[in-house]
Structure formats: structure tokens, C-alpha cells
Amino acid sequence: MPKAVVPVNKGKGKSTVQHSKLYTNFLPIELLLPAPSTSSSSQSRVTSHYIYVRPHTAKSGSTSSVTASPESTVFVANIPVDASERDLRVLFGRWGVVEFVEFTGGSGANALEQAVQGLGEDDEVEQEEEEGEEESDDEAQDPINDLRDTEEDNVTSRPEPTFIGNGPKLPRRLRTRRKPALPVSVPEVEALPPLDPRSTPYGRSGSRCAHIVYLDALPLQRLMAHTGPIHLPSYGLLPQSAYSKPAKSSLKSMASPQSDPSNPTGLSYYISQYTSLRPPLGAIKAFADSSMARFDHLQSLLLKSRAKQQGAGALVDEDGFTVVVRGGRYGRTGGRGPGSTGVAVASKGFGKNLASEQDDGKRKGSGARPKEDFYRFQKTERKRQELAGLRAKFEQDKAKVDELKKTKRFTPY
Amino acid sequence: MADVKKRKAGERTSGPQKRAAKRKHLPRRPSSPELSDVATSGENVVGTLVMDPMIDPDDSPASSEGGEDVSEGWVEGVENEDGDGDDDDVEDFGGSVEEEAEEDDVEPEAGPSTTKPKPTPNGKSKYRPPTMEELETLRQTESSGGNTFALQLDALLTSTLLSKTPPAGLKDLLATIHSHIMSLHSLPALLPPKACKRFGQAIPFPGPDVFHPLKRADVKWTLGWEKPEEVIIGGSWGVCGGYRKGKKEMGDVNVVAVMPAALFSPKDRMDFRYFHKRIYYLAIIKKSLEMLGEKSGASLSGIKVRWEDAHGDSRRPIIVISAGKEQGLRDSVEISVSAAAPGALFQPSSLSPSKSLLRDAGIPESAQTPLYSTSIIQDTLHKAHLLHLHHLSQFATVDRMVDAFLALWRIWASRRGLQRHRGGSGWFASMLLGWVMDGVLIGGSGGDRTKFRREPGLGKSLTAWAALKAAWERIGSMDLSKRPVSLCVSQDPMIPLPQILESFSVALVDPTGSINIFAEWDEGDIELLQYHARETLALLEHVDEDHFSDVFLRNLSITSGVYDDFLTIDISSIRLDTDVLEESERTTKLRRASQAISSLLRRGLTDRVKLVHCSVDQDHPDSVHVGLIYNSSSATRVMDIGPSSDSKAEGQAFREFWGDKAELRRFKDGSISESVVWSIVRPEEATTIPYQIVCWLLQRHLDISTPQVTTFSAKRSWMDILQVDAAARDAINVAGSEKLGFRPILDGYEELYKLLKSIDNELPLSILQVQPASELLRYSTTFVPHPIDIARYPTAPDCLKYVSRAEIVVQFESSPRWPDDLAAIQKVKFALMEKLAGLVRHAQRDSTINIVFDPHASEIEDSAGLEILLGSGVAFLLRIYHERERTLLDRAIEGDAPAFGTSLPLPPRRLAIPALELHVRRFIHLPRHHATIAPLHHRYPSYSSACRLLKRWFSAHMLSLKIETEAIELLMAKVYLQPGSLGCPASAPQGFVRAIKVLTEWDWKIEPIILPLSGEAGKSGRPRMDGEVQNGIVRQFEARRTKDKTYLHSAWVIATEQDHTGLRWTSGISKVVANRVRSLARATLEAIRTATLSSELDIRALFTTPLADYDVLVHLHSGILPTYAQGVHADAANWVSEARFKNARRTVYGDEIRIAFDPALAFAQDIQRLYGDTLLVFFDQHGGQVIGLLWNPDKVPSRALKPFLGYSTKPSAGEAALVTLDKDAVITEIQRLGEGLIKSIVVK
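Residue numbers (UniProt numbering), protein chains in the order written: chain A, 1 to 413; chain B, 1 to 1244.
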């Protein structure tokens, strides 16, 4: 599949060369955004911002929703910090019909859920762990690029971000996505109201990237052939106000209906953040209770499946001894050894502790230790070393003082 | 092993040849055959080297031979026997022929060799057998405080002491002066008016007008001039050689002209006649020297001559000649010419200090003139003291020990700002050295001052450093008023000791037994000297550290940096009742005023102060400087209790002293006593009580009104900077809350604590412990958290609405009911909080409770707290600590957890690392830090306010986001726990100044701050850290510095016992910030220094930051900043008008109470978070109206595009496909992010 993309990509690159320069395969696009007017910089009402686009290059083996249709996906880099999903839709809508937008650097999924999802299909687990690294090698995962957001995590059952804008709702192409599902019996979590007042949270400047998936591959060619700046008067505003004058930003216009209430910025963002970070107690209770129920269920599922895998009953090691291990709420006995069925304490951690304890014991023991300075040469050697140490220290100190002398510290006045 | 053998095998063949070649080549350029010779030998080496590994070491003859060699070489190293040949080989190969050869020369004559061993950096030389002398040096340095101390001492001395042989120019100069004085023509004696007329110039006759020779009618004695008996070189220069006083400046040289006895009669000791004759004598010499200076061509031309008081004694002026380059000298020098009386001029018994040497109607017969007679005697002692010094230098066995002692004493004293005539001179040092070496007589045995016993000296083999320590100990520990000391060990002192003791309360008698060295000194002068000596010794008590710079290098002479309060008193309107006697004893008004003030304050301040030091300087003839060092436990006492009502006379004296302030009170125990009460409005003002007392007493007794007293520490504006304006406070806080300080929030905490303990049985898990972890609960927030008035809050203006909250950590018992999964633990915490919320609300009906989530937290980290606003108006944030989280996170990070059947999968490392960091910081480090810092407030009453000032300073300079509040507390703790060569500060501004000083002096590149936070105190009360721990810290620090040469990470290292890396609170401080702090601190200190001199200190200016250095300035709308009123330059109009017109209120925030809500701070933090290291963000969290931004210069150059470059870019101009930082885009982005907050953006 990826092979089909590459020639298109290269062809595009060459054909657009006459129009605009490519930067390591990226096409820069200049956006002209309305600048909020302040008293000092009121002359320029429009400022430019460059984004960089490139046809998506898929990495094999990745099961992200994006890679399902690599030939119609665009990778966008250097998105403005405050651009919302709707802004990207409006922008990329001019070249074709956008199916969906996905910001990279997702949240870490719940480890327990992943484990339960992987049950039954062993290879699935491996793949699951590779998630989040779907970009090609030059896009090495930026360690600081993780948008950590509890709310996103809590609603991991949500398969993809849903669009909350007023724009035309697009028919989604039916596609079977291999997303390992949880068993149906797992109770759902009653989600908290969102903690971030913005539907699209702020992203780190310069590291904010997204995938735009078009319905088909055609818009990609149009996009890569694009030249010249694009005026975006409706940036950060609601679509119906897109053709009216850009809003004057002042205290009064903060509450103006023109700005997008689902993506507030500035003071109104902080005010609504204050409220949304303090959800009603009832919602928290519901959330905590349902999360715990879900956790209990998932845990029992996991342990049950392990028991099934490794055989129920007491654990017997290779030599026929029964291994006694600490039981939990769910397990009676049972160990999870690497590969084999049930060598109970098969951990490096314990081994390490044991080893260090033994060392301690040796040091403490007053028994048969080699006597120090038994031979005369040992004593001479020790004395030599001591003298050498003294001299070395002397030299070191002298060097230090010389260093200090250079800083002209030792002036008597 | 194989490697060594290999080399050896090579040497065997190549060594000698190579050396031969080398010898031949050295003198001339090599010719070609020899070159090839070298080449072949070189090849040989290479060949063997390459070949060797192939050969089996056991059966190869070459290598076995090599093996022998190795052992031989080793034995040789141990035994140091000969074996030259083999040795040569080794060296030759090693390529260090020269060094080793030198060593060879030394080695054969091992033993007591005379040449000082030259240790080389070569590794092997460390194993050379030690010479006696080397061992001696090594041992000696160990005994004098370690190598570095001894070496630094050496370095300091070599840069101080000049050679003993005088420079030729100076010798000539002195010879000229000598011959000039000796060749002057004698003048016949005339009556004073005529003599003065003959002289032609005005002569500054000392003494009161009553005795002035020109104003008295009945003068019968005469003034004349004869050739001096002799002209000698006095002082230390002749004995000890010169020393350096300043850059290109040499210490003084004293020339003493001994006046001929023929000029005087025995009666001349009376009525200032001696002094008048003396000054006439000197005036003639001065005039002739001046003429000599004006004459061009002579060797003395160009010299400057002036009068000066000898040792601050205005009765005996001296002539000072300054000479320098013009006279052909390398270092400029001041030569003082004084006139001395011949030893046998007056009968010693007639000069007894207990007699009166003045005859005047206003002076009673029984009066004493001790200072007057001391002056006369002192003029006869030049030679005797010179002999004393000479005796010491002959007596001491250590080379130039006396010279070194005097030099070190002078340096030590001048760093501490001790005046020359108050202990800073070499002359005084020589007296002390006599005490240390020869021993003294000490009085006070059995409580009787006059009963003396002999204390032997320490002998002649002391080093200068040991003598110095002994001198500090003697002078520091001796209560000289109870136990007077006489340096005169012989049986027949010139003046009997009892007579001296009768006239002086404090006595240190000179070696001739004729004068009291402390005669002219004020009690405060002695106390100051003793204070410094004691503190220096206390500093040295801790032997593991290098105190050299504290003792000899740090400059402590900035007066406001030593005293807890420093007052400048304008004495132009002072009322002094002085008589002729007083005027003769203290001849200047300044001295008399200083004496009067000193005794008045000492009586009034009683035990509130440890020290009252009055000083005067010639530049300000109208002001007296008073330094006070408080007694921290009693300085702030509100009431002074006087004598009880029974004792009438004492009560009368008390009322007389205090005036209207004195009142009779009845106390709880039923006693009725006189008392004085001082009123204060808020708790912080207690520190101004000593100042109030000073003002009251000066006004009452000396007619000095309060505006004439300039204070440093008691200035109102110090505290004003830590308080919001009264109108702003009244608009939102509970009335009268300013009187309570931190009390309300602590009470709120107590209440909450009790509540949590009482609801234990209603919770599913019981509460194990509740720990405070907030600066609000340890008295160290910049602004006192006054409780808000909940009823009035909604109507308050927006710019006052900030409500601070205190964090508390609650730990529940550990139980198997806690899940073993990190994400699930958080859910359990939510559930527990919800439960707690219900219970608290039930118990506290009027409280407001919320569970507040942290933005941007991951699922596995602690992400929520319970926010409680109590009805009393104080707010708390309660977090739940579960200790198992740490284990789980550790396992997730290390990845080698023990696996059980019941183990759950672990979260990914990239989430676990920040989660662990947060957990450790929030639940382990913060509570522990709180627990160690909180007691400091109780131990040092001024710590809290000083800390608040320092925090205010950091935030005022827009460093709120850069420097953590805990780091500031540690910095301040350093000032109190390691006060260096001074005592602990006892006033907040003093603590603040010291901290600023620490910041300017701290060379963070090469030294960490090591704080003994929980160390036990030594004898002097200074805590110390275990030496092993400390060495470990230093080693860690050095290892880190060698790894990170550019200080990219960890500029500041502040280590404590709890934190050996020293980065717990300072890891975010970069080099840029550290440098910025240092330059700001320097500027602040400079402002304070100049202001103390001119006594006009604008405190607000110290807290006003320069904005010139920032690339971008983001100005914010001030009206909507909830912390606006806390700002340094907040404009009261912003809230006054708002509060007045309540119905026309414009509000953005509405009526809701928002706790810890500060959009400006959140905005600044968001900028830092979103732009990472592209921008440095500077902001003042206390009412800052501007955010300063600095671009990271590393990001500016163009580079190839990468999608995760980490900053916003645009295509750069030019052909290459490179991109560059898009500053405009970033600025407009920030403008969008701050919509509604930003007033304007200024780009430089």
C-alpha cells in the first residue's frame, strides 16, 4: 500500500518545483490570519503564518485510523498553537472534501484496557504497543509532544474525535477499521464534563502536526500545486461570521457572538477553564464509581484469562514442587513467568534485592576475611598509596588556588 | 598486562637507539641518514607492537622478558632502589625524559634534602619517597585548615607583604626628610602671640578656648624651635617591612622627631601647654616641608603635606606627607611625621590618669583627666613600642611571622570596616601579639578587678595563623570591664595599675604599663571588635569547610550589611550640656555628641541590643552613625518594666529618663512597677520598637527630632512593599485582619485538621496523617493571606479579587482495598474526595467546596485536589497522598518489576516519568521542605519577614516563573544558618541585604550552597553538616560540573541533608537566569551602598525592575488583574473609584468567588508551556502588569525544516530551502492567546 503513494508523492514534488520550493518534501503555505488589534500594533490587521504540508508517508504495520487511507492523507506541520479542528477543515476544505482531521501526539491509552483488548490475539498486543509512532523516521517522536489530557484518556472508548462545528456534516465512508474492541460486557464510564473549555486544546508551537484525510486522493494534487498566500478571515470565528468583518478584539467583543464559543481564547478561555476544571461533585462521583466498576471488571477479565491460559489450580514448577505465591483479590495462586507456565518469582527485581542482601551479609560477617596488611608489601603499598593520595590532593588544591589567584581574589585591599 | 608487555618488548629494541638519535639531533638539524635511522627504529616499534598480540605470551622469549621487566619496574617503584638502565628505558618510551631525569637527580640523595621537592604532574612522581621537608609541609598545611587554606593564606600574604629591603627611592626620600628636619634653623623662644606672628600662618591649636594661647591674657610661657634630639623611624615599617594597602599603595611610614627637652618645663604638662608647644613645633616643620615640596627640582618636589589626627586623637595632630610616582616611587606612600616628647620629660607620677592636669575655675580639684594625660604619655612611647615590636620579631622563630600577623590582622580588620584607630592598625595588632606570645596579667581574680594573676603566653614557635586565632579568642572572650588586662608583665609599670583601673572602666594596659590602650575607645568600639572576633571564631569552628574567603576576602564594610539597624543622626541641633572638663577630654563636638548618644542609647535599649556602635566620619561633620545589633529574642519586646513602686529614688530616675512614656502599672502577679509600653499596629511592626525608643530618647534628652534620625531597617516602606494598600485591603478583607498576621489562616488549618481527625469513622479508609505543605502555613508568603470577607467579595473591584489557598497533604492508611493500578488509584482518590467534600460540607455549613482538576494532567498522575473555602474566608487545597503510587511508578520506569499472576500491566514510561516527578515533589519533597523550614520562623523571629522581602524582590524583578519559592526560602535559610563571618541577622531588611549579598558573591559556577538544615548546632549555635555527607555533595557537584562544562543544566546547586544533588528546587534555573539574578543583585546592593552613605534610600526603587533588556514586552490590562493591588507600582485609583461607585461597576469576573485564579499568571505559564525553550518568559506574579519575553538565540539561525522542530518557522530568504524562526507569527499568536488580557505589545 505505501508503495502506491510514493510515486505520486515524488511526481508531485517535481511538478510543483516551478511554482514553489519544497523544504525537505514539505510545501510551505502562507496563511494570512486576522491579527487582533491592540493599541500599539493596529496598522497590520493581517499577519502571516506558515504551515507545511506533505502527502502522508505511511509506516507499515501501523494500525492507526489515518493509515487506513494513506493515499488521500496530508501531513501538516507547524499548525498555529490555537488553531481548532474547524479552522483546519475550513482551510483544507478549499481543495476537496475533508473526511476527518487528526492531531498527532495522542494520549497514552490505559494500560489495563490495552491488555484486555489484546486478549485472545497475541500479535495484536504487540501492534498495540507500537501505536503512536506512525510517523516516518524523520519525524522522530518528540518526547515532549504528548498532550496529556485526563479527559481524553477517560473517554478512550471514543474511537475518533467527533466534530462539533456547525459546518456541513460529511457522510463518512464506511470502512472496517481493525480497532480491537473490548468485550461488550465491560461497563461504560460515565464521562466527566470536558476539563478543557476548548474542543481542540492548545498545542505546542512548532510541534503541532495533524493528518488531514480527504475522501479521495485528488485534492492532494491540487493542494501540492498550490501557490500564494491564503487569506483566512474567519480564523478562530464561527462559520456564519466568516464573511463579515473580522472582530475587533477588546473587552467588549470577547463576549461577541462572532468568536467560536467552543474554542475560546484569552481571558474568556481562562475564565471558562476555571469553571470546567471544577466539575459538579455529582458528575465526579458518577465518574469515579463507573470507572472503578470498569476497572474491577477489566481486572477480573485479565486475571481470568491468565488463569485460563496458564491452567487453574496450584502452580507446579519443573521439578514438581508446588509454588506458593502471594494471592490477590482475584488470584489464588499463580505466576506469570516469561514464556513458561508459572515459575512464581521470576523477576529481575527480586533477584537483584536478593543479591544485594547477600552482599550486605558478606560485609557484615566477622568471619574469615583476609587480614589486611598481612604481607609487608601490602603495607608498603598502602602507605605508598596514601602518600600519593596526599600529594595528589596537594597538587589539586594548588591548582585550585592558582585558579583562584587568576581571578584576582587575593588583593589585600 | 598484555599491553604493558607489548610496550616493553618494543622498548628493548628501540629505546637506546632512539635516545642516541635524539642526542645527536638536538644541536643541529638532522641530516638524512639519521632521519632514516629514526625511521627504522620507529618502524621497529610499530613492528613489534603489531606483531606482539599474535605471539602467545607464555612461550615467546621477548614477552617473558618483558614480564620480568614489569615486575622489576614495580619493585623498583616500591623499594626505590637503583636499576637505572631499565628505568631509562621506560622513561624514554614514555617520552618524558626531562621530567624523569630531574627526578633521578633528586632520588639518590633522598632523606633530609634541602631542595624543596618539585612535584610534577607526572603520575609516577607521586610515589617518590618523601623528603622530611615535604612531609613537614604536608603536615603543616593539614594543621592549618587544610591545603587550600594554607595555600590561599600564602597567596594572600605574598600579594600583601612587600620586601623587607626598602625601595631605593623611599630610602632616599626618608634620608632627605631626616636631613631636612635636622638642618632647620632654630628659632628663639617668644611669647605665643609674637611667635605666631613670626610664623605667619594660623596654627590649629587644640583644646578649648579657655586654654588657647592667643585668647588668654596671662600667658607667660614661650614658643620656640630647636633641632630635634633625634629623628627615628617608628611604627612597623622599620621592623616588619612594608605592606600593600591598596592598588599601587604602600602602608604608612612613621617618622618621629623627638623634641628637645630644652623647649619644655615640667609645668608644661598642664593646661594644654605641652600640646600647644608640640603643634607649634610641628607647624614649623610642616611649613618648611611645604616649601620644599613647591621647590622644583628637589627630590621632595611635588609632595603633599596635611594635618591629621594621630590615632583619632585631636590633641596630637601629625603631619602626613603623601609621595608617589613623582618622587620616583613605585607605590605611593604616606609618610607621617609626628613629634614626640623625650621619655624623661615629665615625672610619670605627675601624669597619672587619676589626677587633673587642668586648672580652671570651672574644673573641680577632684576631677580626673585620664584622656588628657594618656595623650601626653602616648607621645613618649614611640620608641618603647618600637622596641616591643622588635622584641617580638626577634622572639618569634617562624620566618616573617610578625609581619604576616600584622598584615593579616590589618586585612581582617579592614574587611570588617574597623577604623584604624579602633583596632584596625598594625600597632594594635602588635599589642595583641604581645598578649598571645608573651602572656599578660589578668585582673579580676575572685571578683576583684585589681587582683592580677599571670597568664603565660603561647611561646615563640607560633605561626601567624595560629597566633591570629589565639588573638581572636583572647580579645573575643574577655570581659575587659570585669577582668582588665595588662600587657606589662614586669613588676614596675610606669603608672601603677590601680591608678589606671580607677580612671577607666575597661582597661588593656600597654607593655610599658603606662597607658590604657582603650582609653579613647567607646564601649561600642570594643564590643564591635569583640563581636567580629567571636563571630570569626564561630565560623572557623566548623572545620570541614573552606572559610578563607569569609575570613579574609569578603568585604563587610558596608555598614547596612553588618548592623541590624543603621541610624544616621543629624546632630546640628543637638543640645549638649558640656563643661570645660568635658571639652578638654573630648575636644570635638562630634566626639562629645557621639559619646552622649552612645551612653543614652545603651541605657535605654538595655538588653534589646547586643551592641550599640557610634561612629563619626570626617566627611559628615554633622552626623553620627549608630549601628545596632539586636538581641533577636528581646528586641521586639513591647514592654519595659522598671523599678517597683517601693523604691522611690529609682522610680524617680526611671520617670526622669523616660518622661511621659513612663507609667505605673499593676501586673498579674500583684506587683506595681514603673513601665514603658510601645504600641504597634501589626505584628510585623514589632521590629521597629528599638527605633521608636531611639527616637523618643533622642527627642527627650538631646533635642533631636525624629526627622533628623534616618533609619535603615525601621523604614516604613520595607513593610509597605509587603502589604497591599489599606484601602484595597479594607475593600475585600475581614475588618481588622491586618492585626492578626498569619493567625487566621493557621486557625483555619487547625480547624480543618480537627475536622479531618473527627470524621475518621465516617470514611471508608482512616486518615493516617495531615501535613501542611504551603508557604502560607509557614509564614513566608510575600503577602499575608488576610481572610476575605465573603459577603463583600462580589462587590469588590476586579483588581483585588485574588484569593490564595494553602496546600495540605492528607495521607490515608494503606489497605488492600487500594487498587494496584495507577489510573484506578486516581479514581479512588476522586471518590474519597467526593466523600470528604460531603462530610466537610456537613460540618462546615458556610464553606464552599469543589474538586479541582489540574489542567494537562495525564491519567496516571495525581490530578485533583479538594478545594475548601472556609466560612472564615481562608482557602485550602487538600491533596491525597498514597505511598504505593511511587512503587508502581518506579516499576513502570525501571521495567524490572516482579511479576505475579495478579500483577497488572504497567503504564508506558513516557507517562510514568513525569508522573513520578510530580508525585515525589508534591507528596514527599514539599511536605518535608515545609517541615524543615517552618521551625526557622520560630528560631529566628525575623526570618519570615526577610524571606518575604526576598520573595518580593525576586518576583518584582519578574522572576516568578523562573525561581521557585522553595529555593528562595533555602537561600534565606543560608543567611540565617550560615551567617558567615557575621552573626545571625535580627531584622528583616538586614536579612534581605545579606541574602542579596550572598547572591552577588555566590560563584555558582564553582561552588554549591550546602545548607545544614537539620544539622546539630556547634558550640556557637551554628548548625553543621556531617563532613562525610558534605564531601559526598561536593564530589557529586564536581562530577556534574566536569560533565557539563557550559552550565547548561543546573546553574544553581543548593544542597541540604535531604537533597544531596542540590537540584530539587533549582533544576529549572538556567545560566541566563542565574546571571540575570546576579546582575540584578549587584545593582540592588550598589543602590543600597550608595544610599546608606547619603542616607537617602528609596526602597521602592530596589523593587523596580529595568525593562530594557527584554526582546518583547507584553503589557496587560491592569484593571482585570486579580493581583493588581499587590503590585509595586499599583495605582490606588484603580480600586478607589471602583469601590466608590459600586452601582456603576464594570466587572469581568462577576460575583463568583474564584480561588487562586490569576489569568495573567496562567497566561504567562501557558506561553512558557506552548513555546518551550524558544522563549524565556519573565513575569511578576504579584501584580505584574507586563510580561517580558526573550528569544532563545539558538533558535534564530536558519536550518532545514523538520516537522517537530519545536518552534514556529517561516521559509528564510535566500536560495537554500531553509527555514527560520517566525517571530512575527509567534507574537501575533501570543496576541491571540491573550485576547482580552493584553493591552499592547512592544517589540524591540
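Where is the CB? At the ideal position from N, CA and C, for every residue including glycine.
Assigned exposure category for residue i - 16 Cβ within 10 Å defines buried
i	result
residue 648/B	exposed
residue 231/A	exposed
residue 1233/B	buried
residue 547/B	buried
residue 667/B	exposed
residue 565/B	buried
residue 348/A	Per-residue confidence for residue 348/A stands at a pLDDT of 42, beneath the threshold of 50, marking its modelled position as unreliable; the derived number appears in the next sentence. So residue 348/A ends up on the exposed side.
residue 938/B	exposed
Nearest neighbour of residue i, chosen from the options [CA to CA]
i	options	result
residue 297/A	285/A, 78/A, 281/A, 187/A	187/A
residue 1286/B	669/B, 633/B, 702/B	Since the first residue shown for chain B is 1 and the last is 1244, residue 1286/B is missing from the structure and cannot be characterised.
residue 529/B	573/B, 450/B, 290/B, 423/B	423/B
residue 645/B	413/B, 665/B, 230/B	665/B
residue 814/B	1117/B, 1125/B, 766/B	766/B
residue 75/A	21/A, 81/A, 92/A	92/A
residue 185/B	226/B, 220/B, 779/B, 192/B	226/B
residue 352/B	274/B, 288/B, 388/B, 269/B	269/B
residue 537/B	550/B, 526/B, 525/B	550/B
residue 638/B	619/B, 1037/B, 608/B	608/B
residue 822/B	34/A, 27/A, 112/A, 225/A	112/A
residue 946/B	247/B, 987/B, 962/B	987/B
Rounded separation between residue i and residue j - CA only
i	j	result
residue 104/A	residue 720/B	51 Å
residue 404/A	residue 408/B	19 Å
residue 286/A	residue 1061/B	44 Å
residue 1063/B	residue 1053/B	6 Å
residue 1065/B	residue 805/B	21 Å
residue 250/A	residue 87/A	Only weak support exists for where residue 250/A lies, its pLDDT of 39 falling under 50; the coordinates are left without a value.
residue 1228/B	residue 695/B	57 Å
residue 1105/B	residue 1078/B	13 Å
residue 852/B	residue 279/A	8 Å
residue 268/A	residue 203/A	18 Å
residue 663/B	residue 574/B	27 Å
residue 206/A	residue 221/A	25 Å
query = Using 8 Å as the threshold, is the segment 759-776 of chain B in touch with the segment 704-721 of chain B, meaning 3 or more CB pairs across them?
reply = The segment 759-776 of chain B is not in contact with the segment 704-721 of chain B.
request  = Give a yes or no on contact between the segment 363-373 of chain B and the segment 485-492 of chain B, applying the rule of three or more CB pairs nearer than 8 Å.
outcome  = No, because fewer than three Cβ pairs between the segment 363-373 of chain B and the segment 485-492 of chain B fall closer than 8 Å, the two stretches do not touch.
ask   = Listed from N- to C-terminal order along the chain, which residues in the segment 246-260 of chain B have their beta-carbon within a distance smaller than 8 Å of any beta-carbon of chain A?
value = Correct list: 246, 247, 249.
message = Quick check: the segment 466-476 of chain B against the segment 403-420 of chain B, are at least 3 beta-carbon pairs closer than 8 Å?
response = A contact between stretches requires three or more CB pairs, one per stretch, nearer than 8 Å, and the segment 403-420 of chain B meets this requirement with the segment 466-476 of chain B.
key: Touch test, the segment 477-485 of chain B against the segment 439-457 of chain B, Cβ-Cβ under 8 Å, three pairs minimum   = Contact between the segment 477-485 of chain B and the segment 439-457 of chain B is present: 3 or more CB-CB pairs across the two stretches fall below 8 Å.
ask   = Would you say the segment 781-794 of chain B touches the segment 725-743 of chain B, given that touching needs at least three Cβ pairs under 8 Å?
value = Segments in contact, yes.
key: Three or more C-beta pairs below 8 Å linking the segment 858-867 of chain B and the segment 906-921 of chain B   = Here the segment 858-867 of chain B lies against the segment 906-921 of chain B, with 3 or more beta-carbon pairs under 8 Å apart.
ask   = In chain order, what residues of the segment 1160-1174 of chain B put their CB closer than 8 Å to some CB of chain A?
value = Answer in chain order: 1162, 1163, 1166, 1169, 1170, 1171, 1172, 1174.
inquiry  = Quick check: the segment 830-847 of chain B against the segment 1152-1162 of chain B, are at least 3 beta-carbon pairs closer than 8 Å?
reply    = The segment 1152-1162 of chain B and the segment 830-847 of chain B do not touch, with fewer than 3 CB-CB distances between them shorter than 8 Å.
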